[in-house]
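Just add 720 to wherever you are in the sequence shown, counting from 1, and you've got the working numbering. Ideal Cβ positions, reconstructed from N, Cα and C, are used throughout, including at glycine. Below: the structure, in structure tokens.
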Amino acid sequence: IWIFKHELKGKVLKNLRLIVEFIIGVYLPQWFSVKLNPMWVDGPNHLLFQLQLVRTQRKVVRDIVLPVARRSAWHARSEAVLQAMLCSQCTNLRTEAVEVILKIRGTLIDDDQLGDCLFHSRKVPPINVNATKLSELVDLSLEVLEPPLTTSLTSQELRNLKETPMQVPKWPSHTQSVERCVKMVTEAAGHVYSHERREEVTLCFPFDNIVASHSSQPEGVY
Numbered sequence: 721i722w723i724f725k726h727e728l729k730g731k732v733l734k735n736l737r738l739i740v741e742f743i744i745g746v747y748l749p750q751w752f753s754v755k756l757n758p759m760w761v762d763g764p765n766h767l768l769f770q771l772q773l774v775r776t777q778r779k780v781v782r783d784i785v786l787p788v789a790r791r792s793a794w795h796a797r798s799e800a801v802l803q804a805m806l807c808s809q810c811t812n813l814r815t816e817a818v819e820v821i822l823k824i825r826g827t828l829i830d831d832d833q834l835g836d837c838l839f840h841s842r843k844v845p846p847i848n849v850n851a852t853k854l855s856e857l858v859d860l861s862l863e864v865l866e867p868p869l870t871t872s873l874t875s876q877e878l879r880n881l882k883e884t885p886m887q888v889p890k891w892p893s894h895t896q897s898v899e900r901c902v903k904m905v906t907e908a909a910g911h912v913y914s915h916e917r918r919e920e921v922t923l924c925f926p927f928d929n930i931v932a933s934h935s936s937q938p939e940g941v942y
């Protein structure tokens, strides 16, 4: 609509311009970044990249987007950030992550000591929207948790990660099932308003698909 003769004026034109600038400046670069680096360990880097892109937008856009980014920053949990740092090609980031984890394990560190693999509650931490590197994304001097995959490593094995990046399973951060769910919720949001009504419409989608598949079959064939 932006490149056609839309004849929009005033506030409507201004809002359209903001939307177009956001799509071109934030959404599309972020989308390609996720597609190029789809692994779970890339999550904190995607969040960091998103914040860098949002900072280039106008203040009115930042005021709208940043509160949402703060609420949905699940990849900013300390254990996720530390894991991404351990897998980084940057020696300084890996070294900093190792030192933080060793500090979590305590002052009396044995070379054979393992990490704490007990259950921890998941909550979104406060993020630094002005961060320029992973170690600045959250405050690693506050309550910090060790990544689950390092709890089975001894302290000496952990120190070895200063020299070489940690190798982790190549799990995708977004599976096709997740993308289908996002698509369903997006379609529902285009038809109804409010969380409750979107949920009702989303729950009806599988039933509607089953009915449609039966309706498309020849009569008498089931």
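Look at the alpha carbon of Val754 and the alpha carbon of His894, and state the distance between them as a whole number of angstroms.
-> Within the sequence shown, numbered from 1, the residue matching residue 754 stands at position 34. Within the sequence shown, numbered from 1, the residue matching residue 894 stands at position 174. Here the alpha carbons of His894 and Val754 stand approximately 9 Å from one another.
Applying the criterion that 16 or more other CB atoms from any shown protein chain within 10 Å of the CB defines a buried residue, is Leu756 buried or exposed?
-> Position 36 of the sequence shown holds residue 756. Result: exposed.
Please check the pair Cys807 and Val888, which I expect to be a contact at CB under 8 Å, by giving their CB distance rounded to whole angstroms.
-> In the sequence shown, counting from the first residue as 1, residue 807 sits at position 87. In the sequence shown, counting from the first residue as 1, residue 888 sits at position 168. Yes, they are in contact, since the Cβ atoms of Cys807 and Val888 sit about 6 Å apart, within 8 Å.
Asn945 versus Ser855 - alpha carbon distance = The requested residue 945 is not part of the displayed model; the chain covers only 721 to 942.
Give the C-beta separation of Ser798 and Pro845 to the nearest angstrom, bearing in mind that I take them to be a contact with Cβ-Cβ under 8 Å.
-> To locate residue 798, count along the sequence shown from 1; it is residue 78. To locate residue 845, count along the sequence shown from 1; it is residue 125. Contact annotation, Ser798 with Pro845: C-beta distance approximately 7 Å; criterion of less than 8 Å satisfied.
Give the range of the alpha helix (DSSP H) segment to which Asp783 is assigned.
-> In the sequence shown, counting from the first residue as 1, residue 783 sits at position 63. 779-791 is the span of the alpha helix (DSSP H), which, as asked, contains Asp783.
Measure from the alpha carbon of Met886 to the alpha carbon of each residue in Pro867, Arg775, Gly730, Asn848, then state which is nearest.
-> Locating residue 886 in the sequence shown gives position 166, counting from the first residue. Residue Pro867 is the option with its Cα nearest to Met886.
Tell me which same chain residues have a C-beta within less than 7 Å of the C-beta of Thr776, skipping the five on either side of it?
-> Position 56 of the sequence shown, counting from 1, holds the residue named residue 776. These residues qualify, in order along the chain: Gly745.
Could you spell out the range, first to last residue, of the alpha helix (DSSP H) harbouring Arg900?
-> As a position in the sequence shown, residue 900 is number 180, starting the count at 1. Segment 896-909, the alpha helix (DSSP H) holding Arg900.
Could you check the C-alpha separation between Thr906 and Arg879 for me, to the nearest Å?
-> Your numbering for residue 906 matches position 186 in the sequence shown. Your numbering for residue 879 matches position 159 in the sequence shown. One Cα belongs to Thr906, the other to Arg879, and the distance between them is close to 45 Å.
Determine the contact status of Leu768 and Leu857, defining contact as a CB-CB distance below 8 Å.
-> For the purposes of this step, residue 768 is taken as residue 48 along the sequence shown, with counting starting at 1. For the purposes of this step, residue 857 is taken as residue 137 along the sequence shown, with counting starting at 1. Cβ atoms of Leu768 and Leu857: closer than 8 Å.
Please determine, among Gly826, Ala796, Leu813, the residue with the shortest C-alpha to C-alpha distance to Glu883.
-> If you number the sequence shown from 1, residue 883 lands on position 163. If we check each option's Cα against that of Glu883, Leu813 comes out closest.
In chain order, which continuous runs of the alpha helix (DSSP H) of length 4 or greater are located wholly inside the stretch 798-851?
-> Runs of the alpha helix (DSSP H) inside the stretch 798-851: 798-806, 811-825.
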